[in-house]
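Asks: Count along the sequence shown from 1, then add 4; that gives the number in the working numbering. Glycine included, each C-beta is placed from N, C-alpha and C at the ideal position. Got a structure here, written out as structure tokens. Questions coming.
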Amino acid sequence: MGDHGSKIEISFAGRFASSAIAASFAELCTIPLDTAKVRLQLQKKAATDAMAMPKYRGMLGTVATIAREEGMTALWKGIVPGLHRQCVFGGLRIGLYEPVKSFYVGENFVGDIPLSKKILAGLTTGALAITVANPTDLVKVRLQAEGKLPPGVPRRYSGALNAYSTIFRQEGLGALWTGIGPNVARNAIINAAELASYDQVKQTILKIPGFTDNVFTHLLSGLGAGFFAVCIGSPVDVVKSRMMGDSAYKSTLDCFVKTMKNEGPLAFYKGFLPNFGRLGSWNVIMFLTLEQVKKLFAREVPA
């Protein structure tokens, strides 16, 4: 609340812009960890040679291997569609969260919003946003999945825009929405886990004497959001990466069953540490940036 009976408001355009800026900045800072995560998730157990050592081992090991074999720039593969994705997906899912939450509780609601309504709002905005942004996600995963190629073998895509047009030309418009099932499931679930837990953790911390709505509170809330998001979203994340990076699976269920049968339940938590390193740091950077950028778009209106 402002002074003299005024209150602080942000328009939807302001929410969308601040969310897109914060999400894009977080993406730029953490995409090397995301590239490592995708490579670890796509790495299958060698079925033929039980003695074969996996190429990628651990988050930092994977980052080091990619940098050594393919150069440092390979760690930022997929950054262009990654930024496309965050502008569209981040802007919509985070920007719509407050209005959708208000819609679910009713405009005259007073007091603490129930956690169930926060989760419902997160599920709704996550599903809506990724339905629009799925092509950007597909192109990002395809570019990240491409490792060092043997001499003389051309790359499938020369860049992000070439990847969009090549997939459209060779596989049809529908192919840009490959993996939409697990992707909607993953992003609705992770969005709800991130936004609802950030909201809830921040609300809980602010009730503790001595805590105020400052950077330290935002930091703790962002870490909590990242942890819950990884615990809940890791299995659907693995299935999504595999379906987008490998056309061998017929459906979401087929990918789930084959992964479970061939590699056991722990395969769904492959890349857990890089995933937490990525999502934890992503959430901290995103929420810290968001809380600051929102101030640029806030305006006082009479109460």
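1) Between V84 and the rest of its own chain, which residues show a CB-CB distance below 6 Å, the 5 nearest in sequence each way excluded?
2) May I have the straight-line CA-CA distance separating L224 from V288, to the nearest angstrom?
3) To which residues of the same chain is A131 closer than 6 Å at the C-beta, ignoring the five residues directly before and after it?
4) Assuming Q148 contacts K206 under a Cβ cut-off of 8 Å, what Cβ separation, rounded to an integer in Å, is found between them?
5) Pull up the CB-CB distance for V240 and R190, whole angstroms please, since I reckon it's below 8 Å.
6) Which residue comes first and which comes last in the beta strand (DSSP E) that contains R303?
7) Say whether the stretch 28–39 touches the stretch 257–272, bearing in mind that this needs 3 or more beta-carbon pairs closer than 8 Å, one atom from each stretch.
8) Evaluate N266 with the Cβ neighbour count: other Cβ atoms within 10 Å of its Cβ, from every protein chain shown; 16 or more gives buried, anything less gives exposed.
9) Reducing DSSP to helix, strand and coil, say where I343 ends up.
10) According to DSSP, is K41 part of a helix, a strand, or is it coil?
11) Specify the secondary structure class of E150 as computed by DSSP and reduced to three states.
12) With a cut-off of 8 Å, do at least 3 Cβ pairs link the stretch 167–178 to the stretch 89–99?
13) My output table needs one value for E13: the three-state DSSP class, helix, strand or coil.
14) Going by other Cβ atoms of all chains shown within 10 Å of its Cβ, with 16 needed for buried, is A17 buried or exposed?
15) If Y253 and K262 are in contact, beta carbons under 8 Å, what's the gap, nearest whole angstrom?
16) In or out: I35 buried (at least 16 other Cβ within 10 Å) or exposed?
17) Tell me which residues share the same chain as V297 and place their Cβ nearer than 7 Å to its Cβ, disregarding the 5 neighbours each side in the sequence.
18) Could you spell out where the alpha helix (DSSP H) holding L223 opens and where it closes?
19) Considering only residues of the same chain and omitting the five flanking positions on each side of L119, which have a CB-CB separation below 8 Å?
20) Rounded to the nearest angstrom, how far is the Cβ of G151 from that of E74, given a contact under 8 Å?
21) Just checking, does the stretch 55–70 make contact with the stretch 171–182 on the three C-beta pairs under 8 Å criterion?
22) Which of helix, strand or coil does DSSP assign to K122?
23) Measure from the alpha carbon of L292 to the alpha carbon of each residue in I134, L277 and A229, then state which is nearest.
24) If we call anything under 8 Å between Cβ atoms a contact, is A125 one with V104?
25) Quick test of your reading: G275 and Q90, contact by CB under 8 Å. State the CB separation rounded to the nearest angstrom.
26) Return the Cβ separation of K59 and N279 in integer angstroms, given the expectation that the two are a contact with Cβ distance under 8 Å.
27) Ordered along the chain, which non-local residues of its own chain (more than five positions away) have a Cβ less than 8 Å from that of R43?
28) Buried or exposed: S162, going by 16 or more other Cβ atoms within 10 Å of its Cβ?
29) Using a Cβ-Cβ cut-off of 7 Å (strictly less than) and excluding sequence neighbours within five positions of Q47, which residues of its own chain qualify?
30) For I194 versus G226, is the C-beta distance shorter than 8 Å?
31) So, under 8 Å CB-CB, V305 and K11 are touching, yes? Tell me the CB distance rounded to an integer number of Å.
Replies: From the atom records:
1) A164
2) 8 Å
3) V188 and A192
4) So it is not a contact: roughly 32 Å between Cβ atoms.
5) 4 Å
6) R303 to P306
7) no
8) exposed
9) Examination of residue 343 is not possible in this model, given that the chain is present from 5 through 307 alone.
10) helix
11) coil
12) no
13) strand
14) exposed
15) 7 Å
16) buried
17) S22, I25 and A26
18) V219 to G249
19) A200 and Q204
20) 7 Å
21) no
22) helix
23) A229
24) yes
25) About 20 Å; that fails the 8 Å criterion.
26) Not really, about 19 Å apart at Cβ, beyond 8 Å.
27) Y60, T66, I70, Q148, A149 and G151
28) exposed
29) P58, K59 and Y60
30) no
31) 6 Å
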